[in-house]
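In our numbering, the protein residues as written are 13 to 171.
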């Protein structure tokens with residue numbers, strides 16, 4: 013790969029970061045969740061509207077790494093004692109969320125004219141993405157406890 017072949021990749025990522033930062037600031041000013049602004053940026057600059065950033069392998073890789081890092085941070089913040097204490101309730105709630113999202117996603121995809129197999133894929137994607145969005149919203153609102161290495165809650169832990 014030469015430097016000139018990397019120029020479109022870097023300019024696409026730079027444009028994406030610039031627009032995302034601007035939309036993030038606008039979202040905060042409007043007192044809306046950051047994730048809402050980021051989703052809007054993806055729709056705006058992606059192939060469905062302006063087409064400024066075409067999803068390439070490199071941007072797809074960055075997106076996958078971002079999701080993996082977000083889920084890794086969730087794993088770091090999990091309190092196993094709390095999970096054991098709330099186990100049955102948390103399990104029932106989690107399974108209920110997965111089933112509810114899957115069923116709604118499946119029938120919504122069928123209503124939009126997708127095949128049953130494609131509707132299953134959409135339902136699974138919605139199930140995973142809804143969890144990721146909720147985790148991001150909760151971390152932005154500091155509803156997910158953040159612990160220091162010594163186990164004590166940090167000042168940013170909220171309640």
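All residues carry an ideal CB built from backbone N, CA and C; glycine is no exception.
Cβ shell of residue i (< 6 Å), same chain only, five flanking positions each side left out
{"i": "residue 36", "result": "46, 49"}
{"i": "residue 122", "result": "131"}
{"i": "residue 110", "result": "139"}
C-alpha gap between residue i and residue j, whole angstroms
{"i": "residue 115", "j": "residue 31", "result": "35 Å"}
{"i": "residue 88", "j": "residue 95", "result": "13 Å"}
{"i": "residue 51", "j": "residue 100", "result": "33 Å"}
{"i": "residue 29", "j": "residue 57", "result": "11 Å"}
{"i": "residue 62", "j": "residue 34", "result": "16 Å"}
{"i": "residue 104", "j": "residue 27", "result": "42 Å"}
{"i": "residue 76", "j": "residue 83", "result": "11 Å"}
{"i": "residue 120", "j": "residue 112", "result": "12 Å"}
{"i": "residue 73", "j": "residue 81", "result": "12 Å"}
{"i": "residue 59", "j": "residue 102", "result": "39 Å"}
{"i": "residue 133", "j": "residue 126", "result": "10 Å"}
{"i": "residue 44", "j": "residue 69", "result": "30 Å"}
Distance between beta carbons of residue j and residue i, contact taken as under 8 Å
{"i": "residue 117", "j": "residue 135", "result": "4 Å"}
Neighbour-count burial assignment, residue i, 16 or more Cβ in a 10 Å radius
{"i": "residue 53", "result": "buried"}
{"i": "residue 39", "result": "buried"}
Short CB-CB distance (under 8 Å) between residue i and chain D
{"i": "residue 80", "result": "The displayed structure is made up of one protein chain only, and chain D is not part of it."}
Cβ neighbours of residue i in the same chain (closer than 8 Å, five flanking residues each side left out)
{"i": "residue 22", "result": "none"}
{"i": "residue 55", "result": "61"}
Every unbroken alpha helix (DSSP H) within the stretch 34-112, with a cutoff of 4 residues, ordered by chain: 46-57, 69-89, 92-97
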